[in-house]
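Accompanying notes for the structure given below.
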Amino acid sequence: MSDSRAESTTTIMATLAIPPNALRITAPPPDTISQRNVEAMTGIPPRVFLEVVRAPGFPLPVTRLGKLRIVNRAAFVAWVEQGAFRAAPPPPPIADAAGELEGESAGEILEAVGLTETSRRAAGRARSPRP
């Protein structure tokens, strides 16, 4: 007697309802950073990023594409992690030719040169009364 077994396959189709908030799709981080995505990637505000990238001593290559300033993300993050944004001591006050420090009021400066300050409104156009 021959032992023959009949193999059968069955396909079942089912639809699963997955709520949208149950899915989490994560895209890989971009290879470059610009002022458009720097805050999301590093937490650095775009204005600060632009000031740093435009500074004369910035060590990384910067690609200009219109108004965008583009930097390699890995290199920029490594540069930041090395302590690029450590608090620098404030610059010393600048002294003028007479040796006086910056920050004096306008009245003190005028008195030093022999003038006086007067309050005067800016002259504007004469207006005719409205009917």
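Quick note: the sequence shown, position 59, residue 59 per UniProt numbering, numbers continuous.
Even for Gly, the Cβ is constructed at its ideal location relative to N, Cα and C.
Beta-carbon gap between residue i and residue j smaller than 7 Å
{"i": "I33", "j": "V62", "result": "no"}
{"i": "F49", "j": "Q35", "result": "yes"}
Selection from the options that minimises the alpha carbon distance to residue i
{"i": "P46", "options": "P28, L65, R69", "result": "R69"}
{"i": "G43", "options": "E81, P20, S8", "result": "E81"}
{"i": "D31", "options": "A74, W79, A112", "result": "A74"}
One or two residues paired with residue i in a DSSP bridge
{"i": "V71", "result": "I33"}
{"i": "T63", "result": "I70"}
Cβ-Cβ separation, residue j to residue i (assumed contact under 8 Å), whole Å
{"i": "F76", "j": "L60", "result": "6 Å"}
{"i": "R28", "j": "M41", "result": "In the sequence on display, residue 28 carries Pro and not Arg. Between M41 and P28 the Cβ distance is about 12 Å, and since that is not below 8 Å, they are no contact."}
Continuous alpha helix (DSSP H) stretch holding residue i: start and end
{"i": "M41", "result": "38-42"}
{"i": "L110", "result": "106-112"}
{"i": "P46", "result": "46-54"}
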